[in-house]
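Visitor:
Residue numbers (this note's numbering), protein chains in the order written: chain A, 2 to 170; chain B, 58 to 791.
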């Protein structure tokens, strides 16, 4: 089927079987490899992207169900050369080990902070519990999110977050 | 490590004005090392390349799977080269004998050996390059080289003002000859070792730009999936090939040794065709057992055969015969899956009588053998490109996924990426073996007079040697592969090292007991098994440190003091034990509804003690705190050490709380993260890692965090409930 969607601000038109998961469309049709395949059934969160400002598991979201939607992936999180404050925090905290789950972790955290710029620790834990990490980087993830929540460095990402929140509302 | 650095340094001008410095490790007996005049071949173990533009490339011979080689090994060479580690661009090594791990004589990353085996050679390589650059600059300036220094990628003139970039010197430096040994920098002058905290791969991994195996993209690439027999070892008898061929996008459907392959233009179309696959399997040679039968077979084997003696001291039988009390316990552990976040995958392209493979592999030279096996090619015709690994944990030491991709590519003659689903990854893993342990001890009052440990289960090399032995002899003709595999088994120590996988950690029993009898009853039920983050240490750690806890309670002693008094003369064990106890506040009362447990275990040369504080909440086990002290010798990157130890703790807790693969009629019963659970963010305990300052040679940290946490948690639950759990995973109502 022919459909179109907006990905990282760009209108993309596709001719694809409608039941194809968004994940494989992003990765194989649009070349956005930053979003990862982990479990295929929404249990691990490695494939997390934002759809109209909400985090979704792209591995178990059919592309036809998101036609016309606005998708943001890890590649669309930075503002040009300026990384999202969470990406900077991930680097400063040295969060990634194998790194495979981290795109999904960052997308979950970005959604949290876009809606709740100063979350309490238990709010961070709750928001991040759907994302598995086999390497066990959980405490660094909390530290990185907390460092962004504390600092004013969110200003650099306000444009993106305002857009996300705007769409979510 | 004693070595004469002149013996293995070979220098020559590389092409295009770059300085290539290579080194070869000693200890590769049976293999020529260094530069071979006759063939013009180099035998380096690692190399640097510095360009006229000051680019510094470092070939990384140990893969990056999260454990931090990308940063740690680069830091070693950067320290002596006098450049910032961030100024160096690491790249993954191709397959070459020079990149073999000297401990295994294979090009593999495992056993927590990357830092320990690179510590001397990489620093020496960096120091030698620096020294030659200094000699070259001194010759240009006509000054005494000893008066020059190197700093941030430049050689500085004795006047302290003038300097030359390394890039300006790379054409001159190769002409210099190093005379005498090169002194490595004293620890007091280190700028990065012990201080470096950043990870060099953090940016790529935080922006989605790091390339894992699954991200490889080739022109005209197609996608393959493989349906393997639900029961290990069966072959497809018949399948609805023509029906599948008619499905959208399907390009080919055929049988390979490991199952039925379906190739399509898109991954999702291959999966949909797979959903429609109806295959009949010939189960004549297939696995048919259930988990209960595995343990029954272990008990039978243990009854019939006390096993080969692996360590014997004093006279155990006599000691136990006169002991006031004989205490016994039997422990068991289940099969465990690896569950790397990146499922198994590999991409292969067969063309022009050669095959190129892109894969996240821990052992690229074994990958070459795997690809050669299923094609008419020799290993020399196989190129392996290693990517970042989305987790390894030992799973990617076995090359079955490369074998599949190569077999599919050989048939379709197009670039093809074979991706496993999570269900396939869980059900067609090679598992951490299920094991049985029979323990017995003689007690005279509170005195432990005898220690008996009978380990029952398989050895991993029985499974691993199939590709490992040929990889050690890549020039051997292919018809010899299976023979080599068998010879490797029979001739331990020649083709393969002695198989320690079942007994590691048990035979290093550290406590001062006069009479010790440690045995292994070798029995293999036929379930595929392989290495798994700390393998033998993981199951032996549980048996040894739980039994020690039982003995402490049996004698009425504090479990910490009971261990402590048996460790006289072992300062590194005592230090981590004392530190963990202090960190945990062992002597302070524990909160209501909680218990504390302790365990101490050395693995891969690293001493680790842990105290776990746990309780039961709403019918589930809750881990509140883990206090951990670790002595891994000299630390290269303190943050990575903390992260590896903490990651190991979470890996171990995941096994202790959830880990269990079971078989029914030869089929694995678990499939995805709902029934093979991993610890999640909300379960994270407060983990504190205390690193013992040390100037000893560095040892590994990737695995040693795992073994002690499993018995420490079990011991904490015993302290709380008074009920001893002797099998894993632990149960809230156990």
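A virtual CB, placed ideally from N, CA and C, is assigned to each residue, including glycine. Predicted, not measured: the structure shown is a model, and the values here were computed from it.
Using a beta-carbon distance below 8 Å, is residue 13 of chain A in contact with chain B?
Guide: Answer no: the Cβ-Cβ gap between residue 13 of chain A and chain B never drops below 8 Å.
Visitor: Excluding the 5 residues preceding and the 5 following residue 690 of chain B in the sequence, name in chain order all residues of the same chain whose CB lies nearer than 7 Å to its CB.
Guide: If we look at residue 690 of chain B and ignore the five residues flanking it on each side, its Cβ neighbours are 751, 753, 754, 755 and 756.
Visitor: Expressed to the nearest angstrom, what Euclidean distance is found between the alpha-carbon atoms of residue 103 of chain A and residue 88 of chain A?
Guide: Looking at the two C-alpha atoms, the distance is approximately 10 Å.
Visitor: Applying the criterion that 16 or more other CB atoms from any shown protein chain within 10 Å of the CB defines a buried residue, is residue 408 of chain B buried or exposed?
Guide: Per the 10 Å Cβ criterion, exposed.
Visitor: In or out: residue 98 of chain B buried (at least 16 other Cβ within 10 Å) or exposed?
Guide: Confidence at residue 98 of chain B is low in this model, with a pLDDT of 27, below 50, so its placement is unreliable and the value that follows should be read with caution. Its Cβ having fewer than 16 others within 10 Å, residue 98 of chain B is exposed.
Visitor: According to DSSP, residue 572 of chain B sits in a beta bridge with which residue or residues?
Guide: B:507.
Visitor: Quick check on the DSSP output: the alpha helix (DSSP H) that includes residue 816 of chain B runs from which residue to which?
Guide: What the structure shows of chain B is the stretch from 58 to 791, and residue 816 of chain B is not part of that stretch, so it cannot be assessed.
Visitor: Below 7 Å CB to CB, which residues in the same chain sit around residue 140 of chain B once its five sequence neighbours on both sides are set aside?
Guide: The residues are 113, 209 and 210.
Visitor: Please give me, in chain order, every unbroken run of the beta strand (DSSP E) with length at least 3 that falls completely inside the stretch 443-482 of chain B.
Guide: Segments of the beta strand (DSSP E) lying fully in the stretch 443-482 of chain B: 473-476.
Visitor: Runs of 3 residues minimum, wholly inside the stretch 351-415 of chain B: which ones carry the beta strand (DSSP E) assignment?
Guide: For the stretch 351-415 of chain B, whole beta strand (DSSP E) runs of length 3 or above, ordered along the chain, are 365-370, 382-390 and 402-408.
Visitor: Using a Cβ-Cβ cut-off of less than 7 Å, give me the residues of the stretch 707-740 of chain B that come near chain A, in sequence order.
Guide: Those would be 707, 708, 729, 730, 731, 735, 737, 738 and 739, in chain order.
Visitor: At what residues does the alpha helix (DSSP H) containing residue 775 of chain B begin and finish?
Guide: 763-778 is the span of the alpha helix (DSSP H), which, as asked, contains residue 775 of chain B.
Visitor: Verify the CB distance criterion: does residue 48 of chain A have a CB-CB separation below 8 Å to chain B?
Guide: By this cut-off, residue 48 of chain A is not an interface position.
Visitor: Taking Cβ-Cβ distances below 9 Å as the criterion, which residues of the stretch 258-272 of chain B are in contact with chain A?
Guide: Within the stretch 258-272 of chain B, the qualifying residues are 258, 259, 260, 261, 262, 263, 264, 265, 266, 267, 268, 269, 271 and 272.
Visitor: Do residue 708 of chain B and residue 137 of chain A come within 8 Å of each other at the CB atom, strictly closer than that value?
Guide: The answer is yes: Cβ separation under 8 Å.
Visitor: Taking the C-alpha atoms as reference points, what is the distance between residue 329 of chain B and residue 711 of chain B?
Guide: For residue 329 of chain B and residue 711 of chain B, the distance between alpha carbons rounds to 33 Å.
Visitor: Which residues in the same chain as residue 516 of chain B place their Cβ atom closer than 7 Å to its Cβ, once the five residues preceding and following it in sequence are excluded?
Guide: So the list reads 556, 558, 559 and 579, once near-sequence residues are dropped.
Visitor: Going by C-alpha to C-alpha distance, which of B:647, B:193, B:723 and B:508 sits closest to residue 371 of chain B?
Guide: When only C-alpha atoms are compared, the closest one is B:508.
Visitor: Cβ of residue 414 of chain B within 8 Å of Cβ of residue 320 of chain B?
Guide: Not in contact: residue 414 of chain B and residue 320 of chain B (Cβ atoms no closer than 8 Å).
Visitor: For residue 248 of chain B, write down the residues that DSSP places opposite it in a beta bridge.
Guide: BP columns for residue 248 of chain B are empty, so no partner.
Visitor: Using the Cβ count rule (16 or more neighbours within 10 Å means buried), how would you classify residue 146 of chain B?
Guide: It counts as exposed.
Visitor: Between residue 167 of chain B and residue 4 of chain A, what straight-line distance do the alpha-carbon atoms span, to the nearest angstrom?
Guide: Residue 167 of chain B and residue 4 of chain A: Cα-Cα distance of roughly 47 Å.
Visitor: Could you spell out the range, first to last residue, of the beta strand (DSSP E) harbouring residue 678 of chain B?
Guide: Note, residue 678 of chain B: beta strand (DSSP E), 677-688.
Visitor: Quick check on the burial criterion: 16 or more other C-beta atoms within 10 angstroms. Buried or exposed for residue 331 of chain B?
Guide: It is buried - the Cβ of residue 331 of chain B has at least 16 other Cβ atoms within 10 Å.
Visitor: In this structure, how does DSSP classify residue 108 of chain A when only helix, strand and coil are distinguished?
Guide: It is helical.
Visitor: Within 8 Å of any Cβ in chain D, is that where the Cβ of residue 445 of chain B sits?
Guide: Absent from the structure is chain D; the protein chains it does hold are A and B.
Visitor: Can the beta-carbon of residue 450 of chain B be found closer than 8 Å to that of residue 584 of chain B?
Guide: Cβ distance not < 8 Å, so residue 450 of chain B and residue 584 of chain B don't count as in contact.
Visitor: At 8 Å on the CB atoms, spell out the chain B contacts of residue 2 of chain A, in chain order.
Guide: The contacting residues do not exist; residue 2 of chain A stays about 12 Å from chain B at best.
Visitor: Can you name the start and end residues of the beta strand (DSSP E) that residue 651 of chain B belongs to?
Guide: That run of the beta strand (DSSP E) goes 651-660.
Visitor: Is residue 113 of chain A near the ligand FMN, with its Cβ less than 7 Å from a heavy atom?
Guide: Because no ligand of any kind appears in the structure shown, any question about the ligand FMN cannot be addressed here.
Visitor: CA-CA distance, residue 142 of chain A and residue 142 of chain B?
Guide: One C-alpha to the other measures close to 24 Å.
Visitor: With a cut-off of 8 Å on the beta carbons, I'd call residue 203 of chain B and residue 229 of chain B a contact; round off their distance for me.
Guide: Their Cβ separation, rounded to whole angstroms, is 18 Å, which puts residue 203 of chain B and residue 229 of chain B out of contact at 8 Å.
Visitor: Consult DSSP for residue 534 of chain B and reduce its assignment to one of helix, strand or coil.
Guide: Coil.
Visitor: Please say whether residue 741 of chain B and residue 686 of chain B have beta carbons closer to each other than 8 Å?
Guide: Going by C-beta atoms, residue 686 of chain B is not nearer than 8 Å to residue 741 of chain B.
Visitor: So, helix, strand or coil for residue 783 of chain B, using DSSP?
Guide: Looking at residue 783 of chain B - three-state DSSP - the assignment turns out to be coil, as it is neither helix nor strand.
Visitor: Buried or exposed, going by whether 16 or more other CB atoms sit within 10 Å of the CB of residue 731 of chain B?
Guide: Burial call: exposed.
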